[in-house]
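Step one of this worksheet: look at the structure below.
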Amino acid sequence: MDENTKKSVIVIIPLVILLVTIGTITNYSLLPTILAGIIGALIGKILSSVLIKKDIKK
Numbered sequence: 021m022d023e024n025t026k027k028s029v030i031v032i033i034p035l036v037i038l039l040v041t042i043g044t045i046t047n048y049s050l051l052p053t054i055l056a057g058i059i060g061a062l063i064g065k066i067l068s069s070v071l072i073k074k075d076i077k078k
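Under the working numbering, the sequence shown has 50 at position 30, and the numbering climbs by one with no breaks.
As structure tokens, this is what we get:
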């Protein structure tokens, strides 16, 4: 799998999970859904950087 594709998938998975979960709980209210998207993207970026660093060390 291409490196950029791998990064994108790692970022998108937590983003989608948080958006759907928080959106469902709050009936897709705007502010909580936006916050869930921001938090999900940050979690995905952190996971991506950690996993990429592990690949580099190997």
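For each residue, glycine too, the CB sits at the ideal point set by N, CA and C.
Using a 10 Å radius around the Cβ and a threshold of 16 neighbouring Cβ atoms, would you call Leu38 buried or exposed? buried
Got a sec, what are the start and stop residues for the alpha helix (DSSP H) Asn24 sits in? 23-45
Nearest CA to the CA of Gly64: which residue from Ile32, Leu51, Thr25, Thr44? Ile32
When the distance is taken between beta carbons, is Ile30 closer than 9 Å to Leu71? yes
Could you tell me which of Val36, Ser49, Ile45 sits nearest to Gly93, measuring between CA atoms? With the chain running from 21 to 78 in the structure shown, residue 93 is simply not present.
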